[in-house]
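So the protein sequences, as listed, match chains H and B.
Residues 294 to 706 (the working numbering) are what the first sequence spells out, left to right.
Residues 23 to 86 (the working numbering) are what the second sequence spells out, left to right.
Note that CB positions come from ideal geometry on N, CA and C, so glycine has one too.
Here the structure is a predicted model, which means the values were calculated and not measured.
In what follows, a structure is listed as structure tokens, so that the remarks can point back to it.
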Amino acid sequence: MTTGKAAPMRRIVVVGNGIAGLTACDSLRAAGFDGELTVVGAEQHQPYSRPALSKALLHGGEDSVTAHQRPAPGHQAIELLGVGVTGMDVDARLLTLDDGGQLPYDGLVIASGARAKRLAGDPGGDNARVFTLRTIEDAITLKERITGRPSVIVVGGGPLGMEIASGCLDAGCQVTMVASGPPLARHLGGHLSGIFVAAALRRGLRLVTSGTARLMGTNEHSPHDAGARVALADGTELGADIVVAAIGDEPNVGWLTGSGLLEGGALRVDSRGRLRPDIVAAGDVAYFPTRLGLRRVPLWTSAIDQAKVAAVGLLRGDAAPEGDLQPYFWTEGFGLSLKAVGFTPVEGAPDYCDPGGDPESLLMSWYGSGGPAGAGNPGTAAAINYRIPIPKLRALANKGPGVLRPGEAALPR
Amino acid sequence: MRIHLDRPRCEGHGLCEEAAPTLMHLDDDGELLIDAPDVDGADLDAAQAAVRVCPVAALRLEAA
Numbered sequence: 294m295t296t297g298k299a300a301p302m303r304r305i306v307v308v309g310n311g312i313a314g315l316t317a318c319d320s321l322r323a324a325g326f327d328g329e330l331t332v333v334g335a336e337q338h339q340p341y342s343r344p345a346l347s348k349a350l351l352h353g354g355e356d357s358v359t360a361h362q363r364p365a366p367g368h369q370a371i372e373l374l375g376v377g378v379t380g381m382d383v384d385a386r387l388l389t390l391d392d393g394g395q396l397p398y399d400g401l402v403i404a405s406g407a408r409a410k411r412l413a414g415d416p417g418g419d420n421a422r423v424f425t426l427r428t429i430e431d432a433i434t435l436k437e438r439i440t441g442r443p444s445v446i447v448v449g450g451g452p453l454g455m456e457i458a459s460g461c462l463d464a465g466c467q468v469t470m471v472a473s474g475p476p477l478a479r480h481l482g483g484h485l486s487g488i489f490v491a492a493a494l495r496r497g498l499r500l501v502t503s504g505t506a507r508l509m510g511t512n513e514h515s516p517h518d519a520g521a522r523v524a525l526a527d528g529t530e531l532g533a534d535i536v537v538a539a540i541g542d543e544p545n546v547g548w549l550t551g552s553g554l555l556e557g558g559a560l561r562v563d564s565r566g567r568l569r570p571d572i573v574a575a576g577d578v579a580y581f582p583t584r585l586g587l588r589r590v591p592l593w594t595s596a597i598d599q600a601k602v603a604a605v606g607l608l609r610g611d612a613a614p615e616g617d618l619q620p621y622f623w624t625e626g627f628g629l630s631l632k633a634v635g636f637t638p639v640e641g642a643p644d645y646c647d648p649g650g651d652p653e654s655l656l657m658s659w660y661g662s663g664g665p666a667g668a669g670n671p672g673t674a675a676a677i678n679y680r681i682p683i684p685k686l687r688a689l690a691n692k693g694p695g696v697l698r699p700g701e702a703a704l705p706r
Numbered sequence: 023m024r025i026h027l028d029r030p031r032c033e034g035h036g037l038c039e040e041a042a043p044t045l046m047h048l049d050d051d052g053e054l055l056i057d058a059p060d061v062d063g064a065d066l067d068a069a070q071a072a073v074r075v076c077p078v079a080a081l082r083l084e085a086a
């Protein structure tokens with residue numbers, strides 16, 4: 294193999310064994326790296342599909358409990374699973390592990406992911422009435438808990454909160470969502486939010502859009518009464534059997550304190566995923582340059598795309614191709630399945646809209662001020678309950694609706 | 023090796039097609055078609071990449 298550098302990399306360590314870490318390992322091998330590869334991961338498991346946890350696994354029946362599983366990796370890395378990294382020495386190129394060990398590297402991939410934020414007032418630790426959903430253990434615990442049809446307060450109106458609310462409704466729970474504004478509006482924009490919120494209300498979701506919620510304490514010994522309480526911004530208190538917090542994630546960067554790699558607490562990489570020539574980062578932990586500026590894009594496909602870029606960036610330096618991220622996102626709930634290509638939120642009504650065969654199916658696209666294939670920011674395309682090949686959805690976002698019916702002129706603007 | 027599709031699981035995300043465009047594609051209705059189920063050599067790498075990116079575990083590789 295060649296690195297194009299004076300000192301060839303013989304030992305590469307990947308911190309994180311989620312999809313970004315796995316993709317980095319595979320991409321390093323695919324790019325010809327045949328040296329010693331080690332992956333260190335805090336989770337005990339081989340990489341699994343995190344998106345499936347709040348979708349198929351939470352909603353589905355027997356078969357769905359394996360939807361998150363992945364095939365065994367083929368990258369032949371040394372795997373240190375269930376091991377956390379607690380610190381690093383950038384100059385000595387040395388990691389410190391929570392089992393007391395140390396791990397030297399020539400090249401480092403930081404893919405340590407993110408963790409669920411906790412509610413204000415949550416002291417942390419295990420609590421039978423307060424949940425988050427980030428790991429497979431979280432998902433299995435929550436799925437088991439909702440089979441008893443407890444009343445549920447979901448705090449957070451993002452895609453994860455909405456998926457959890459939908460799963461709890463499907464399980465027969467009474468569900469109240471506390472959100473700061475219309476659910477999904479901040480993530481997807483008002484138009485798509487409106488479609489999902491209408492479907493959610495039709496299916497019985499109770500919605501309180503009063504802002505943040507603070508955990509008021511729980512009563513572990515009360516089997517039937519509202520054993521968990523939250524206080525809203527206006528002082529109102531709500532009670533339910535359980536509370537699920539889906540208020541966002543925060544990058545796992547605590548182990549990088551003092552490393553000199555953080556800027557304002559954030560890992561900001563260049564367009565090849567690099568922090569330094571010998572250190573790259575990818576996935577939920579990293580702020581990556583995009584057409585809309587430096588952003589953290591914590592999505593399954595972004596983790597994969599960034600890890601591919603970062604792996605080659607580590608091996609080839611400036612000769613590596615730059616990443617040009619176009620997000621792909623999907624969410625499911627309340628009988629709706631959304632797939633979207635491009636950056637969100639999108640403002641206003643779509644520039645193009647085609648109802649499909651079913652009452653709830655829609656194909657839409659937005660082009661902002663640039664128009665299809667406009668300079669700078671390309672468009673965004675979204676399909677709801679509408680079967681369309683994703684390459685075609687991508688083309689709709691990038692080139693306009695003309696691509697859907699060859700021969701017809703592109704959208705005039 | 024042979025690519026196996028668990029069709030009820032497939033949600034048509036098409037990430038597999040982007041990873042292995044010579045082996046599989048989504049048709050106009052968004053249904054996945056495996057064009058070359060039997061793979062070896064360089065195709066095997068692409069097939070493995072396709073299996074890996076599927077977020078719903080709808081694809082797997084089995085001994086032919």
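**Request:** Output yes if chain H places a C-beta closer than 8 Å to the C-beta of L27 of chain B; else output no.
**Result:** Numbered from its first residue, the second sequence carries residue 27 of chain B at position 5. Closer than 8 Å: no.
**Request:** Using 10 angstroms around the beta-carbon of A668 of chain H, count the other beta-carbons present and answer buried if the total reaches 16, otherwise exposed.
**Result:** Here residue 668 of chain H corresponds to residue number 375 of the first sequence, with the count starting at 1. Only weak support is given to the placement of A668 of chain H: the predicted model assigns it a pLDDT of 49, under 50, and the question is left unresolved by the model.
**Item:** Rounded distance between the beta-carbons of L351 of chain H and E263 of chain H, thought under 8 Å
**Value:** As displayed, chain H neither begins before 294 nor continues past 706, which places residue 263 of chain H out of reach and without an answer.
**Asked** Rounded to a whole number of angstroms, what is the C-alpha to C-alpha distance between P344 of chain H and P77 of chain B?
**Response** Here the question's residue 344 of chain H lines up with position 51 in the first sequence. Here the question's residue 77 of chain B lines up with position 55 in the second sequence. Each residue's alpha carbon lies about 7 Å from the other.
**Request:** Return the chain-ordered list of same chain residues with a C-beta closer than 6 Å to the C-beta of P705 of chain H, the five sequence neighbours on each side being excluded.
**Result:** As a first step, residue 705 of chain H is located in the first sequence; it is residue number 412 there, counting from the start. Here P705 of chain H scores only 44 on pLDDT, less than 50, and its place in the model should not be relied on; the value that follows carries that caveat. Shown here for P705 of chain H: not one same chain residue has a beta carbon closer than 6 Å to its own, the five before and five after excluded.
**Asked** Along chain H, in chain order, which residues have C-beta atoms closer than 7 Å to that of P77 of chain B?
**Response** The count along the second sequence starts at 1 and reaches residue 77 of chain B at position 55. Under the 7 Å cutoff, chain H gives S342, P344, A345 and W593.
**Asked** Taking the C-alpha atoms as reference points, what is the distance between V573 of chain H and I371 of chain H?
**Response** Reading the first sequence from its first residue, position 280 is the one you call residue 573 of chain H. Reading the first sequence from its first residue, position 78 is the one you call residue 371 of chain H. Their Cα atoms are separated by approximately 19 Å.
**Asked** Does the stretch 366-386 of chain H touch the stretch 329-347 of chain H, meaning 3 or more C-beta pairs lie closer than 8 Å?
**Response** yes
**Prompt:** If you compare alpha carbons, which of H:V308, H:L560, H:P671 and H:V490 is closest to Q395 of chain H?
**Reply:** Mapped onto the first sequence, residue 395 of chain H falls at position 102. Among H:V308, H:L560, H:P671 and H:V490, the Cα nearest to that of Q395 of chain H belongs to H:V308.
**Message:** Please state the DSSP three-state secondary structure of F489 of chain H.
**Reply:** For the purposes of this step, residue 489 of chain H is taken as the residue at position 196 of the first sequence. F489 of chain H: helix per DSSP, three-state reduction.
**Request:** Compare the C-beta of G377 of chain H against all C-beta atoms of chain B and say whether one is closer than 8 Å.
**Result:** As a working mapping, residue 377 of chain H is identified with position 84 in the first sequence. Judged by the 8 Å Cβ criterion, G377 of chain H is not in contact with chain B.
**Request:** Name the residue from B:R82, B:A79, B:D65 and B:A80 whose alpha carbon lies nearest to the alpha carbon of A42 of chain B.
**Result:** On the second sequence, position 20 is the one that residue 42 of chain B refers to. Comparing Cα-Cα distances from A42 of chain B to each of B:R82, B:A79, B:D65 and B:A80, the minimum goes to B:D65.
**Message:** Between L55 of chain B and chain H, is any beta-carbon pair separated by less than 8 Å?
**Reply:** Here residue 55 of chain B corresponds to residue number 33 of the second sequence, with the count starting at 1. L55 of chain B does not count as touching chain H.
**Asked** Could you give the C-beta distance for A539 of chain H and G451 of chain H, rounded to a whole number, given that I count them as a contact under 8 Å?
**Response** Translated into the one-based positions of the first sequence, residue 539 of chain H becomes position 246. Translated into the one-based positions of the first sequence, residue 451 of chain H becomes position 158. A539 of chain H to G451 of chain H, Cβ: 6 Å. Contact.
**Asked** Looking only at DSSP bridge pairs, what is T469 of chain H linked to?
**Response** Against the first sequence, residue 469 of chain H aligns to sequence position 176. T469 of chain H pairs with H:I446 and H:R499.
**Prompt:** What in chain C is Cβ-close to G52 of chain B, meaning under 7 Å?
**Reply:** No chain C appears in the structure shown, which is made up of the protein chains H and B.
**Asked** D67 of chain B touches chain H at which residues, Cβ-Cβ below 8 Å?
**Response** If you number the second sequence from 1, residue 67 of chain B lands on position 45. Per Cβ cutoff of 8 Å: A323.
**Request:** Identify which residue in H:W548, H:C466 and H:A600 has its Cα closest to the Cα of V562 of chain H.
**Result:** Taking the first sequence and counting its residues from 1, one reaches residue 562 of chain H at position 269. It is H:A600.
**Message:** On the CB-based measure, 16 or more other CB atoms within 10 Å of its CB, does Q369 of chain H come out buried or exposed?
**Reply:** Residue numbering aside, residue 369 of chain H sits at position 76 when the first sequence is read from its first letter. Looking at its Cβ environment, which holds fewer than 16 other Cβ atoms inside 10 Å, Q369 of chain H is exposed.
**Request:** Can you say whether A299 of chain H is buried or exposed, counting buried as having 16 or more other CB atoms within 10 angstroms of its CB?
**Result:** Your numbering for residue 299 of chain H matches position 6 in the first sequence. Any answer about A299 of chain H is weak, because its pLDDT of 49 lies below 50 and its placement is not dependable; what the coordinates show is given next. So A299 of chain H ends up on the exposed side.
**Message:** Using the three-state DSSP reduction, which class does C76 of chain B fall into: helix, strand or coil?
**Reply:** Locating residue 76 of chain B in the second sequence gives position 54, where the first residue counts as 1. Correct three-state label for C76 of chain B: coil.
**Message:** Excluding the 5 residues flanking Y645 of chain H on each side, which residues of the same chain have their C-beta closer than 7 Å to its C-beta?
**Reply:** As a first step, residue 645 of chain H is located in the first sequence; it is residue number 352 there, counting from the start. The answer, listed in chain order, is M657, S658, P694 and L704.
**Request:** Taking only beta-carbon positions, decide if I597 of chain H is within less than 8 Å of chain B.
**Result:** The residue given as residue 597 of chain H occupies position 304 in the first sequence. Contact of I597 of chain H with chain B is assigned, a C-beta pair being separated by under 8 Å.
**Request:** With a cut-off of 8 Å on the beta carbons, I'd call L48 of chain B and E39 of chain B a contact; round off their distance for me.
**Result:** Here residue 48 of chain B is taken as the residue at index 26 of the second sequence, counted from 1. Here residue 39 of chain B is taken as the residue at index 17 of the second sequence, counted from 1. That belief holds up - the Cβ atoms of L48 of chain B and E39 of chain B are roughly 6 Å apart, short of 8 Å.
**Asked** Does the stretch 302-318 of chain H touch the stretch 404-416 of chain H, meaning 3 or more C-beta pairs lie closer than 8 Å?
**Response** yes
**Prompt:** Going by beta carbon distance, what residues of the same chain come within less than 7 Å of G465 of chain H, once the five residues before and after it are set aside?
**Reply:** As a first step, residue 465 of chain H must be located in the first sequence, where it is residue number 172. Excluding sequence neighbours, G465 of chain H sits near R442.
**Straight-line gap, L387 of chain H to L401 of chain H (C-alpha atoms, nearest Å)** = Within the first sequence, numbered from 1, the residue matching residue 387 of chain H stands at position 94. Within the first sequence, numbered from 1, the residue matching residue 401 of chain H stands at position 108. Spanning the two alpha carbons is a distance of roughly 10 Å.
**Message:** When you compare the stretch 499-507 of chain H with the stretch 420-429 of chain H, are there three or more beta-carbon pairs, one atom per stretch, that lie closer than 8 Å?
**Reply:** no
**Message:** Between K632 of chain H and chain B, is any beta-carbon pair separated by less than 8 Å?
**Reply:** Translated into positions along the first sequence, residue 632 of chain H becomes position 339. Yes - at least one Cβ of chain B is within 8 Å of the one on K632 of chain H.
**Prompt:** Any Cβ of chain H within less than 8 Å of the Cβ of R24 of chain B?
**Reply:** Translated into the one-based positions of the second sequence, residue 24 of chain B becomes position 2. Not an interface residue.
**Message:** Suppose contacts are defined by Cβ-Cβ distances below 8 Å. Is G566 of chain H in contact with V602 of chain H by that definition?
**Reply:** Residue 566 of chain H sits at position 273 when you count from the first residue of the first sequence. Residue 602 of chain H sits at position 309 when you count from the first residue of the first sequence. Their beta carbons are under 8 Å apart, which means G566 of chain H touches V602 of chain H by this criterion.
**Item:** Reference L531 of chain H, options H:A596, H:R588, H:V447 and H:A493, closest by Cα
**Value:** Along the first sequence, read from residue 1 onward, the residue named residue 531 of chain H stands at position 238. Answer by Cα proximity: H:V447.
**Prompt:** When the Cα atoms are used, what is the spatial distance from V61 of chain B to A69 of chain B?
**Reply:** Looking up residue 61 of chain B in the second sequence gives position 39. Looking up residue 69 of chain B in the second sequence gives position 47. Rounded to the nearest angstrom, the two C-alpha atoms are 7 Å apart.
**Item:** alpha helix (DSSP H) segment containing L279 of chain H, residue limits
**Value:** No statement about residue 279 of chain H is possible, as the shown extent of chain H runs from 294 to 706 and does not include it.
**Message:** Strictly below 9 Å CB to CB, what residues from chain B border W623 of chain H?
**Reply:** Reading the first sequence from its first residue, position 330 is the one you call residue 623 of chain H. Those are E33, H35 and P77, listed as they occur along chain B.
**Asked** CB-CB under 7 Å to A492 of chain H, same chain, minus the five flanking residues each way: which ones, in chain order?
**Response** Locating residue 492 of chain H in the first sequence gives position 199, where the first residue counts as 1. So the list reads F627, G628 and L629, once near-sequence residues are dropped.
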